[in-house]
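In the working numbering, the protein residues as written are 1 to 282. Ideal Cβ positions, reconstructed from N, Cα and C, are used throughout, including at glycine. Notes for the one structure printed next.
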């Protein structure tokens, strides 16, 4: 993680939950609430299947949070609980200004409330820029050939740096780590997340939490294999639920397997991508 953040007392900062979110502890000593995009009101009707917010929503920060800040006649109101997170991230943004045309020289403040007066400024709040990017087609950040499309790679880098609690895109599998030419690790090294690089541990902690949930796009309930699948076996083993790297270990095992493997402890291709990649599909 960046110099600004360190993980809270709980493993990966994911056990201290608040309505589906978690606390991120800053180096200043305070704990900042972070609510993922998938937990924000009307998420499932706001984003379509091909949009960035839908595909990567589990790792993105909600523009506002769980509640809308609406003042009442008595002076009370609900707090948009991601505001502090955006304030902290804006401090990072101010040091480098972003790379993509969506971010670079387009942001002049951290946060704007969901219900806010009309703005006459040409520049926007960081949370509003991220919200706009979430509604873009996922193809706008999908890079076919590395080093060719700088516009897409710059937007992708900015997205995970300023709009995601991961703070950067996880490192992918390295081809040289796998000798079998037909293994998942060899064939799909540009798509699957590395289990060897420790900088990915925060991703795997979050992925493990999602896997053991009762529902969701990344829940183990969606495993497609038979009873001999390593993913099916992991999900039914509830003793592994609190072991943060349980899924990481299974994905590590899967990368050495082939799609043609159908014997005991097999790893169906659909499941390998669903649980071991950032996109959740090929």
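TODO: Would you tell me roughly how many angstroms separate the C-alpha atoms of residue 287 and residue 63, rounded to the nearest one?
DONE: Since the first residue of the chain shown is 1 and the last is 282, residue 287 is not available in this structure.
Open item on the list: I'd like to know whether the C-beta atoms of residue 196 and residue 177 end up nearer to each other than 8 Å.
Closed with: Against a cut-off of 8 Å, the Cβ pair of residue 177 and residue 196 comes out as a contact.
TODO: For residue 110, I'd like the list of residues in its chain whose CB is within less than 6 Å of its CB, leaving aside the five on either flank, ordered along the chain.
DONE: When the five nearest sequence neighbours on each side are left out, the beta carbons in the same chain lying within less than 6 Å of the beta carbon of residue 110 are those of 86, 87, 90 and 126, in order along the chain.
Open item on the list: Would residue 183 and residue 51 qualify as a contact pair, given that the criterion is a beta-carbon distance under 8 Å?
Closed with: no
Task: Rounded separation between residue 236 and residue 119 - CA only - done: 52 Å
TODO: Examine the ligand NAD and report whether any of its heavy atoms sits within less than 7 Å of the Cβ of residue 203.
DONE: This structure simply doesn't include the ligand NAD, nor any ligand for that matter.
Task: 8 Å Cβ shell around residue 264 - same chain, five flanking residues per side excluded - done: 228
- [ ] Closer than 7 Å by C-beta to residue 259: which residues in its own chain qualify, once you throw out the five before and the five after it? Chain order, please.
- [x] 269
Open item on the list: Short of 6 Å in beta carbon distance, which residues of its chain neighbour residue 152, apart from the five on each side in sequence? Order them along the chain.
Closed with: 141 and 143
Task: Proximity below 8 Å, CB of residue 261 to CB of residue 224 - done: no
Open item on the list: On the CB-based measure, 16 or more other CB atoms within 10 Å of its CB, does residue 254 come out buried or exposed?
Closed with: buried
- [ ] Run through the segment 156 to 239 for me and flag every whole alpha helix (DSSP H) of 4 or more residues, listed as ranges in chain order.
- [x] You should have 184 to 187, 201 to 211 and 230 to 236.
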